Each structure stands twice: as C-alpha cells, then as structure tokens.
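According to the UniProt record's numbering, the residues represented by the sequence shown are 1 to 188, in order.
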Amino acid sequence: IMIISIIQASQYFAYGIIEAYFILYISFLNYEPWLIGLMPAILTFTLIVAKPFMGHLSDKIGRKHVILGGLLLGGFVSLFIPHTVNLILLIVIFISFGIGMASVTSSTPAYITDLLEKENYGSAIGVLSTIMDIGQTLGPIISGYILVFLSYQGIFLLTGFSLLFAAFLFFVSFYLFKKKEKLNELIL
Numbered sequence: 001i002m003i004i005s006i007i008q009a010s011q012y013f014a015y016g017i018i019e020a021y022f023i024l025y026i027s028f029l030n031y032e033p034w035l036i037g038l039m040p041a042i043l044t045f046t047l048i049v050a051k052p053f054m055g056h057l058s059d060k061i062g063r064k065h066v067i068l069g070g071l072l073l074g075g076f077v078s079l080f081i082p083h084t085v086n087l088i089l090l091i092v093i094f095i096s097f098g099i100g101m102a103s104v105t106s107s108t109p110a111y112i113t114d115l116l117e118k119e120n121y122g123s124a125i126g127v128l129s130t131i132m133d134i135g136q137t138l139g140p141i142i143s144g145y146i147l148v149f150l151s152y153q154g155i156f157l158l159t160g161f162s163l164l165f166a167a168f169l170f171f172v173s174f175y176l177f178k179k180k181e182k183l184n185e186l187i188l
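Written out as structure tokens, the structure reads:
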C-alpha cells in the first residue's frame with residue numbers, strides 16, 4: 001500500500017507544482033491573460049477525457065503498464081517545460097502531462113484493490129488519498145522555495161525527476177519482484 005501511495009503522492013506532488021507554477025511560468029513568458037486562464041481548463045479537460053480511457057486501458061493491458069507509462073510520460077514532458085516558450089508546444093506538453101496523470105490516478109486505486117483482500121479496501125484507499133493530499137500540498141511549498149533559488153527551470157526539473165524517480169521505484173517494486181503475494185501479506 002505504501003509504495004503505491006508514494007507513487008500516487010509523487011503524481012500529486014508534481015500536479016501541485018504544475019497547478020501552482022505553470023500558470024506563473026506562462027505569465028512570465030508574457031502570454032495574454034485569456035491564454036493563461038485557458039491552461040488550467042486544458043489540463044482539467046484532458047483529465048476528464050483521459051481518466052475513463054486510462055482506467056479502461058488498465059483493465060485491458062494491466063495496471064502496472066499504465067501506471068509506469070503515465071509516470072514516464074509525465075516525467076519526461078515536465079523536463080521540457082522550462083525549455084519551451086512556444087504556446088502550441090506548451091499546450092502539447094500540458095495535454096501529455098494530463099494523460100500521464102490520468103494514467104496514474106485512474107489505475108492506482110484499482111491496483112490497490114487488485115492486491116488487497118476486500119475487507120482492507122477502505123483502509124487502503126484512505127491511506128492512498130491521505131498520502132496523495134500530502135503530495136499535492138508539499139509540491140507547491142517545496143517548489144516555491146526552489147523557485148527563489150533556481151528559477152522556473154529548477155521547479156519543472158524537480159517535477160520531472162520526481163515522476164521519473166517514482167517510475168523507477170514502481171518498476172523496482174512491482175516488476176523486479178515477481179512474487180504474486182498480496183501486498184497486505186508483504187507489509188503486515
């Protein structure tokens with residue numbers, strides 16, 4: 001439960017940074033206010049459209065593949081943000097980040113229920129949600145301090161590397177350990 005919760009927290013840590021500082025970044029690039037206001041709507045719309053598809057995809061090809069793919073996609077595209085000033089490319093990056101996030105957030109709760117006994121679902125989802133909220137809270141706080149010292153490049157690199165590290169942790173934890181034991185047997 002804890003590893004999957006950390007994966008989800010990493011995704012929401014990255015989302016908290018994107019949510020708070022992507023708008024400031026494109027404002028820093030001197031885009032028109034209406035375009036700046038459009039960006040959160042693009043991300044939200046992407047999440048609305050992509051989550052059902054990513055959940056369905058995780059049912060068909062497996063949750064691990066969708067989670068890992070989402071972390072890698074979100075991580076890699078985040079690394080391009082501070083090197084991109086073209087609005088169309090920024091929108092493509094934002095949509096790609098949203099697809100990656102939708103992949104992770106639609107698949108992790110289902111993956112937890114796949115791994116646990118039914119009587120532990122509520123507790124596990126509660127832990128997952130709490131750790132997710134912690135990640136989303138810490139993202140803007142930590143990146144705010146980094147912004148002071150390293151500019152926007154530092155915070156978006158932090159975003160990308162956080163997701164890539166989460167992908168590495170997930171890969172090591174769930175691909176390299178091939179035992180099919182239930183998580184609650186491993187942890188408890």
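Note that CB positions come from ideal geometry on N, CA and C, so glycine has one too.
Quick caveat: nothing in here was measured; it's all calculated off a predicted structure.
- Looking from the CA of A14, the closest CA among F170, F171 and S162 belongs to S162.
- Exposed is the label assigned to M2, since fewer than 16 other Cβ atoms lie within 10 Å of its Cβ.
- Taking a C-beta distance under 8 Å as the contact criterion, L169 and I6 qualify as a contact pair.
- Proximity to I141 across H83, Y152, G16 and Q8 peaks at G16, based on C-alpha coordinates.
- Counting along the chain, no alpha helix (DSSP H) covers K118, and no H or E run does either.
- Assigned with DSSP and collapsed to three states, L29 falls in coil, not helix or strand.
- Minimum Cα-Cα distance from F171 among the listed residues D59, I95, L71 and E117 corresponds to L71.
- Below 8 Å, enough C-beta pairs join the region 148 to 166 and the region 74 to 93 to call them touching: three or more.
- Rounded to whole angstroms, I99 and F149 show a C-alpha spacing of 30 Å.
- Between the alpha carbons of S123 and T113 lies a gap of roughly 11 Å.
- If you check the CB distance, I91 and I131 do not come in under 8 Å.
- Under the three-state reduction of DSSP, G139 is assigned to helix.
- With 16 or more neighbouring CB atoms inside 10 Å of its own CB, P109 falls in the buried class.
- A50 and Y12 have their C-alpha atoms spaced approximately 16 Å apart.
- Cβ contact annotation for G69 (same chain, cutoff 8 Å, sequence separation greater than five): G100 and S103, in chain order.
- In this structure, F174 places its C-beta atom within 8 Å of the C-beta atom of K64.
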